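Reviewing the structure listed below.
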Amino acid sequence: MKGLRKAISLIVTAGLLSSTAQAAISDDEIRIGYLADMSGTYRDLSGPGGLEALKMAVEDFGGQVNGKKIVLFNADDLNKPDVGANTVRQWIDEKNVDVITGLVATSVVMAVNKIVEQENKLALISGSASSALTNEFCSPNHIHWVYDTYALSNGTAHAVLQEGGKDWFILAADYAFGHALEADLSRVIEAEGGKVVGKVRHPFPSTDFSSYILQAQGSGAEVVALANAGADMVNALQTASQFGLTQSGQKLAGMVVFLNDVHSMGLDVTQGLMLTTGWYWDMNDETRAWAQRYYERVGRMPGMAQAGVYSSTLHYLNAVKETGSDETQVVRTQMMGTPINDMFAKNGTLREDGRMVHDMYLAQVKTPAESKSEWDLYKILRTIPGDQAYRPLADSQCKLINN
Amino acid sequence: MMILFGVPLSVLLGQLLLGLINGAFYALLSLGLAIIFGLLRIINFAHGALYMLGAFVTVLSLQYLGINYWFALFLAPLTVGLIGMAIEKGLLRRIVGEDHLYGLLLTFGLALIIEGLFVKLFGVSGSSYPMPDALKGGFNLGFMFLPKYRAWVIVAALVVCFVTWYMIERTRLGSYLRAGTENPKLMQAFGINVPLLITLTYGYGAALAAFAGVLAAPIYPVSPGMGANLLIVVFAVVVIGGMGSIMGAIITGLLMGLIEGLTKVFYPEAANTVVFLVMVLVLLVRPAGLFGKET
Amino acid sequence: MSEAIKTQVQQQRIRVERERRIAASRRNKIFFAVFIAIALVAPFGIYPVFLMKLLCFALFACAFNLLLGYAGLLSFGHAAFLATGGYITGFVLTEYSGLSTEVGILAGTAASAVLGLGFGLLAIRRQGIYFAMITLALAQLVFFMYMQSSFTGGENGLQGVPRGHLFGFIDLQDNLNMYYFVLAVFLFGFLLIQRTIHSPYGQVLKAIRENEPRAISLGYNVDAHKLLAFVLSAALTGLAGSTKTVVYQLASLTDAHWHMSGEVILMTLLGGVGTVLGPFVGASIVVTLQTYLSSGPLGAWVHVILGVIFVLCVLMFRAGIVGWTTKLVQKNFK
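Residue numbers (my numbering), protein chains in the order written: chain A, 1 to 403; chain B, 1001 to 1295; chain C, 2001 to 2334.
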């Protein structure tokens, strides 16, 4: 295993070095590019950990497919669409990269998707949230693997509504992702007889949430939903805690909450928080075993995005092996025809619109008393079957679906 | 419940109070900038980085030395003040008398270095700092729940602002400083060590920024970029107030906090931008700012 | 000293000055020729998209240098013009897909010029730091406007801008074609700036920069001269933004953010304010550092390195790299 890891590091280095020389580009290689936020607010969502997960997948697969070497590239997109798009453009132009994975900030993903569609390459999206990626922005060149805003809203909002939270206040980030989440959420609330009694859109990003929390408190809503992510969500939650929001009886619902967010905020602030996740490390023996291997390499437990990178890469490599080709549409068709059965998902299916449909899980953050170790943070309340979690094809605006 | 502009009065009062608290924060930061510009004629683009240093000293001193918040209130400004003095003596001194542009560019470069170093050392994400126990919880004011810490922020900031203003405008030391920057040669002839005074002044401005950083640590995420985003807003406040005016900076800071607070109620998406709109409008009508004097 | 000898010395001095100027001009012509030669073959060895980025930013820096180095005005809001060029061109080319590319670029440039006029009218009367701050504030308002507009795509940016066909028939999707077009645009902008500096208008601008009260007393309409420089600078910046958007087929908020305004100041200062080659050199260094450092192990040090260079430039190489090398050359190769 160690020798293999060394070999892969050498290949990666060779790949990076050869970028400066204008050598002839051979196609006897599978080239995978990993693009994510490696140093900014979304760093722990996928970031360097996701790169490790990618390497693990390549190693577990044997480092080569039918004799062709697997070569990895990686770059930091700084959460900027121009940086991400330019990197991918250069990878495709200069190095003929076959597939892009990672992919976190929605703005970056959308720019990358345009290029990947133009050049007929493939993008495997594990980090980004927007459900629009398989709706009005779908394409035959990208696949959305782990979760989306529709599934998250469906899961969390539905559960909270069941518990009796009828009046909602939505605090949303003022950009496309926040708007999409706000829309998906409102739809679910109203469909189940609830009501959105107030909402506010805060500039993205913001540091001071006191004013918005005050508005939420003054609205009289039973539930305050945070339709934002990353640093904004953490900030809002901490401010809510300072202003005693939950003490006065209101409930907090975080729409996009990752394991690393809960870990960094601590259980004191987050206990009792309801959330929906696509995967959790402590669900069964398989997940625990993989998570342990990841932990030994990275020093942190994996979240759903990193697990998704591992799973999507393996599925891709298997499809390349079966078809003997790295031509995008051939591989994609093979991927769609094969169910996903690994530590990430059981009986997952890839739909025509690029959505990987698998079970989602409703979870609640444990209290400090319930938690037995540093990363023992969630209890899984129940499973949401894949066919109920995601947007049904009948409602889809995707151009690939004949609606 | 009385409704004003479609918003219940109690909500409006709460937002105004929050705005005032943010305003006190702006006042504190603008004060440091105004002192450095008004007295030293240096456009200190490193002010945001100094603020960030203050917050980081607070976090790190707790993490590695176990120094609690109350000591950090003195330790951080002292440390950063010394750093500021070193900056003035070592770097800014070399461009004395040159175009203002160079001071601006030098401090801008300095900010890049300091923030870049901290990103390298600590990453871009924020660290959190625990709320000091004595300031946990809050007061129920009827129209809102006010956390004790926020009440402390406004009190501490205003006290420091007032003490600083008094020192500069009403004491002999302050008069030496004001005279020394207007006519250094004459003051030197009287035996006042003007270069030392200048170094101390920059150090004090830096200490003010760091003090704001300590106040910020328990409620805002402490990240290397925390100063950069705040800096242009604070500059706008200083310009609106009038670049040389000490009182102008304090009053405008409070005013802008209130205006921003109201914007968050009626048009929250514009909350980060409203200060610039105000700046353009004010400068059209009063070219030297609200309290400034034309130079 | 006798009168005859004094006149002789004076004439000698004038002769030496003239020779120096002729030598400098000859030197510049040689540099220019070498530059064109290299530029024509460069895309066959270096990734063309990178070269195009370099040229666009060099044009941006040249336009900024016109305002700072020759008119003596420091603007903190030039990102607004870069973004306006980019967004308007992107919008026009996306909405009217049959349109020839250069029409889209012209639209973006014109929009930037108009915005420049607006900014200029509001800001020109102020001096020094107040001028800089007004331009910053106006640019922030523009940023906000672009962030909130739907046509810009907000955080996602304006994506999928077609490269289209130049003059209706040259396919710009081909990177090589696109490169030569960008090179032509850069040369156009650069030569326009040179002609402006060496024209009578340019001389008046220089006089204003060196001694404004005297220029006023001589009867020159100082505000009008400054305004024209501002509009020209804004228009050429818009041209750079428009071209960049066509190259990358994307216009994003990064172009409108105040960091971008700071970057162009860095490039200009680094290269040498008020020099001919300075902006190009400065832009090349910054763009290269950012592109190649970010992907290597030194990635996290980019900002620190840039900051150190900045500080060194202010403290020591006040005339920038070009200014410094010129002095070096003059000292050693008289």
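Positions of the beta carbon are idealized from the N, C-alpha and C atoms, including for glycine. Given the structure is predicted, the values throughout are model-derived calculations rather than measurements.
Starting from the Cα of residue i, find the closest Cα among the options and give me that residue.
i	options	result
C:Leu-2228	C:Ala-2063, C:Gly-2307, C:Ile-2105 and C:Ile-2046	C:Ala-2063
B:Gly-1116	C:Val-2322, C:His-2303, C:Ala-2023 and C:Ala-2234	C:His-2303
C:Pro-2279	C:Thr-2243, C:Ala-2319 and C:Pro-2200	C:Ala-2319
A:Leu-78	A:Val-65, A:Ala-129, A:Val-109 and A:Glu-94	A:Val-109
C:Ala-1961	C:Gly-2128, C:Gly-2118 and C:Asn-2156	Absent from the structure is residue 1961 of chain C, since the part of chain C shown begins at 2001 and ends at 2334.
C:Thr-2109	C:Thr-2135, C:Ala-2234, C:Leu-2277 and C:Leu-2068	C:Ala-2234
B:Thr-1058	B:Thr-1273, B:Val-1119, B:Leu-1290 and B:Ser-1223	B:Ser-1223
C:Leu-2326	C:Gln-2159, C:Gln-2290, C:Ile-2305 and C:Gly-2274	Leu is not the amino acid found at residue 2326 of chain C; the sequence shown has Thr there. Among C:Gln-2159, C:Gln-2290, C:Ile-2305 and C:Gly-2274, the Cα nearest to that of C:Thr-2326 belongs to C:Gly-2274.
C:Val-2281	C:Leu-2270, C:Gln-2008, C:Ile-2014 and C:Val-2041	C:Leu-2270
A:Ala-319	A:Val-104, A:Met-336 and A:Phe-169	A:Met-336
B:Leu-1050	B:Gly-1257, B:Gly-1261, B:Ala-1111 and B:Leu-1060	B:Ala-1111
C:Val-2231	C:Ile-2105, C:Thr-2243 and C:Leu-2115	C:Leu-2115
C:Ile-2309	C:Gln-2173, C:Arg-2027 and C:Glu-2263	C:Glu-2263
Are any of the Cβ atoms in chain B nearer than 8 Å to that of residue i?
i	result
A:Val-320	no
A:Arg-31	no
A:Phe-258	no
C:Leu-2138	yes
C:Val-2314	yes
A:Arg-201	yes
A:Phe-169	no
Consult DSSP for residue i and reduce its assignment to one of helix, strand or coil.
i	result
A:Ile-25	Per-residue confidence for A:Ile-25 stands at a pLDDT of 30, beneath the threshold of 50, marking its modelled position as unreliable; the derived number appears in the next sentence. DSSP places A:Ile-25 in coil when its eight states are reduced to three.
C:Arg-2018	helix
A:Met-274	strand
C:Ala-2251	strand
A:Asp-353	coil
C:Gln-2194	helix
A:Gln-292	helix
A:Asp-77	coil
B:Pro-1296	Beyond the ends of chain B as shown, which are 1001 and 1295, falls residue 1296 of chain B; an answer cannot be given.
A:Tyr-310	helix
B:Asn-1022	helix
A:Asn-113	helix
B:Ala-1288	coil
C:Ile-2285	helix
C:Thr-2245	helix
A:Ser-131	helix
B:Phe-1074	helix
B:Asn-1140	strand
C:Gly-2072	coil
A:Met-343	coil
A:Leu-245	coil
From the beta carbon of residue i, is the nearest beta carbon of chain C less than 8 Å away?
i	result
A:Tyr-175	yes
B:Arg-1178	no
A:Met-356	no
A:Pro-48	no
A:Pro-81	yes
B:Arg-1247	It is Met, not Arg, that sits at residue 1247 of chain B in the sequence shown. Judged by the 8 Å Cβ criterion, B:Met-1247 is not in contact with chain C.
B:Lys-1089	no
Quickly, what does DSSP pair residue i with across the bridge? List them, please.
i	result
A:Ala-412	As displayed, chain A neither begins before 1 nor continues past 403, which places residue 412 of chain A out of reach and without an answer.
C:Asn-2065	The partner list for C:Asn-2065 (beta bridge, DSSP) is empty, contrary to what the question assumes.
A:Leu-252	A:Val-224
A:Leu-72	A:Ile-32
B:Tyr-1051	Answer is none; B:Tyr-1051 lacks a bridge partner.
C:Thr-2089	In the DSSP output, where bridge partners are listed per residue, C:Thr-2089 has none listed.
A:Val-99	A:Ile-32 and A:Leu-122
Tell me, please, whether the CB atom of residue i is closer than 8 Å to any CB atom in chain F?
i	result
A:Ser-210	As a matter of chain content, chain F is missing from the structure shown, whose protein chains are A, B and C.
Can a CB atom of chain A be found closer than 8 Å to the CB of residue i?
i	result
B:Lys-1264	yes
B:Leu-1117	no
B:Ser-1125	yes
C:Ser-2252	yes
At which residue ranges does the stretch 2097 to 2185 of chain C contain complete alpha helix (DSSP H) runs of 4 or more residues, listed in the order of the chain? 2101 to 2123 and 2128 to 2148
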